[in-house]
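Protein chains in written order, with the UniProt record's numbering: chain W, 1 to 328; chain H, 1 to 328.
Below you'll find the structure, written out as structure tokens, and then a few comments.
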DNA sequence: CATAAAAATAACAACGTTGTTATTAATGCG
DNA sequence: CGCATTAATAACAACGTTGTTATTTTTATG
């Protein structure tokens, strides 16, 4: 049998309501009794009954995360970081990898207080949802009337290009998914082009287009690139996986990084440090991204006013060992 | 405000206990009243309060799935299939990607009725756990006293080799992760060796060892292999990702599949059909794996007797287009 | 030291269900 | 038609909490 506040009450010889207050650290109970109760509770292995609490408080203190496409390592890292960020709050998180509607039904059943939704092209958020939620994705369509957390892709590319320019680079290529409807990928590419223009540079003549977002795609794109006459002096990799492939391809062809070609990757995750060569990268650090996301939901849950905040987060450039001075 | 059985009661003019019975399809309430109540409930958008139900029934009808390493697509597919399998039961599932102990704490808090644990080398199940659970993984250590669901790797390799032998192959290579402590990977390789022996064949001279489990690993392992003098006539790929890389490498080197080399992959997931060439594969089909896993937890939850069943599931070979007659 | 005020604790009603027991209505039968 | 069954419904006590109100104990004060 599980132990309840009543059990604690009879052991300590106080009423169960006092136990309840003590456990919630209420100022209404004397310090010494409080201490004793806490001690006994711990000793007995008391674990509060969430259901009972929920029943009276009408709050679950749980938020649901909808993540329909478990695939990219970057998102996995983000999820892990979000989990982490919740540790500092009194909320917990549960995860659903179901398609959006199914997931939402589950969460409604669990009566979560709010949701985080990873939006993608397959599952767009419909604006009718009554439950507090924030979405992480591209803030594209103008008037989302729910909070959106978004990484600022243009700013990322600006910073990346700027960094390379400072090192003397002029021939900067972007390697990523181009032919796609995936808004996020497009924004990165557009950001790159815009950044190049602002620095009065021509985008690298031959577009380095990957076929997908996998390691392999970066690998083969760059292998083809190296067969060309003209090589860039720097490459911006569109994602963690892609850049991994790029680096591999470069190494294999005995192109020295960063001596021959500098490489800078989109996505700012700790794993970047563990690559064959620790990778210089640009992007919103996952931990701040995570922090921002949970703060945002919690705020939304606790302050129900309906302003639609689209929050574009500023990227950070982390210098590691894949960028060097341009050699021409 | 959410609608409760009391609301339904006052609308239909019956007592709330009758409403409760009607909603649970009890034989104690007359058909006509039942119908009316159900109708009104639907109309009012009634959604049962899980917390209240849980409080009195002492059951959540929720099982938690612990999945500490979100990485392999195969596991993701398995998770999806498990979610699916739960649809046919009255249980739901929640997912945690936390390390095992953290995840377990969360689940204890939510008071799930049982757990499914994806065991790996980092997070071994400790046998002290009181909550009903099953683990999916390698049944290695003899006396697990909890249910273990395991794919029969030896049987898989037997079937794969047998299939190839029937097609006349003698030079069969296995491409997979060899130098590892990962029990699962080792079992596959050992299964392969055993199967070869039983068919009185020599394992392929040059071991095709991948450095990891990624697409790229299969790719580069096979590229090196093709530089060798002697080529196998068939390759068994150790996992979905690896096989994907193998196929890519083969294609790139203009080795025709299956004319020049036959390929058969471990892992039996639907995605195998969508590869560059639809892939013949071996393994327990994910859906039956999923089915088996959920049946197993539910059984464990509902019948608390403690027998330690290790269930090795029989693999199925799915013929597609990557295997053909041997050419020597 | 009596008593008012403040502090500490206890009692109790919720919360939305389920399951058991009590009550009322319908039905069958001599 | 009266009464015993049986069918249908109603009433009510749980479940483990929280929050509000009532009671008791302690402390301060003239």
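We put the beta carbon where it would ideally sit given N, CA and C, even for glycine.
{"Check": "Span of the beta strand (DSSP E), counted from its first residue to its last, around residue 149 of chain W", "Outcome": "148–151"}
{"Check": "Against chain H: residues of the segment 30–54 of chain W by CB proximity under 9 Å", "Outcome": "47, 48, 49, 50, 51, 52, 53, 54"}
{"Check": "8 Å Cβ cutoff met for residue 236 of chain H and residue 160 of chain H", "Outcome": "yes"}
{"Check": "Within-8 Å CB hit, residue 108 of chain H to chain W", "Outcome": "yes"}
{"Check": "Min CB distance residue 118 of chain H to chain W below 8 Å", "Outcome": "no"}
{"Check": "Residue 22 of chain H beta carbon less than 8 Å from that of residue 34 of chain H", "Outcome": "yes"}
{"Check": "Unbroken alpha helix (DSSP H) run spanning residue 31 of chain W, endpoints", "Outcome": "31–44"}
{"Check": "Residue 240 of chain H versus residue 265 of chain H: straight-line alpha-carbon distance, rounded", "Outcome": "7 Å"}
{"Check": "Residue 272 of chain H, DSSP secondary structure in three states", "Outcome": "helix"}
{"Check": "Cβ-Cβ distance between residue 168 of chain H and residue 290 of chain H below 8 Å", "Outcome": "no"}
{"Check": "Stretch pair the segment 214–223 of chain W + the segment 182–194 of chain W: three plus CB contacts closer than 8 Å", "Outcome": "no"}
{"Check": "Contact the segment 84–99 of chain W vs the segment 77–96 of chain H: 3+ CB pairs below 8 Å", "Outcome": "yes"}
{"Check": "Backbone secondary structure at residue 129 of chain H - three-state DSSP", "Outcome": "coil"}
{"Check": "Short Cβ contact (8 Å threshold) for residue 226 of chain W with residue 243 of chain W", "Outcome": "no"}
{"Check": "Which residues DSSP lists as bridging residue 189 of chain W, in chain order", "Outcome": "Answer is none; residue 189 of chain W lacks a bridge partner."}
{"Check": "Chain-ordered neighbours of residue 111 of chain W on chain H, where CB pairs are closer than 8 Å", "Outcome": "49, 50, 51"}
{"Check": "Chain W within 8 Å of residue 16 of chain H, Cβ atoms only", "Outcome": "no"}
{"Check": "Inter-residue Cα distance where the pair is residue 63 of chain W and residue 272 of chain W", "Outcome": "29 Å"}
{"Check": "Listed by chain order, chain H residues near residue 214 of chain W by CB distance under 8 Å", "Outcome": "215"}
{"Check": "DSSP bridge partner residues for residue 174 of chain W (one or two, in chain order)", "Outcome": "W/236"}
{"Check": "Contacts that residue 219 of chain W makes with chain H (C-beta to C-beta distance below 9 Å)", "Outcome": "216, 219"}
{"Check": "Nearest residue (CA-CA) to residue 49 of chain W, options W/66, W/20, W/27", "Outcome": "W/20"}
{"Check": "Close beta carbons around residue 320 of chain W, own chain, < 6 Å, minus the five adjacent residues each side", "Outcome": "278, 279, 280"}
{"Check": "Heavy atom of the ligand MG within 7 Å of residue 87 of chain W beta-carbon", "Outcome": "This structure lacks the ligand MG, and indeed carries no ligand of any kind."}
{"Check": "Closer than 8 Å to chain H by CB, residue 90 of chain W", "Outcome": "no"}
{"Check": "Selection from H/28, H/110, H/172, H/286 that minimises the alpha carbon distance to residue 150 of chain H", "Outcome": "H/286"}
{"Check": "CA-to-CA distance, residue 249 of chain W to residue 207 of chain H, given in whole angstroms", "Outcome": "24 Å"}
{"Check": "Residue 232 of chain W vs residue 324 of chain W beta-carbon contact at 8 Å", "Outcome": "no"}
{"Check": "Host beta strand (DSSP E) of residue 86 of chain H (start-end)", "Outcome": "No beta strand (DSSP E) holds residue 86 of chain H; the alpha helix (DSSP H) holding it covers 73–87."}
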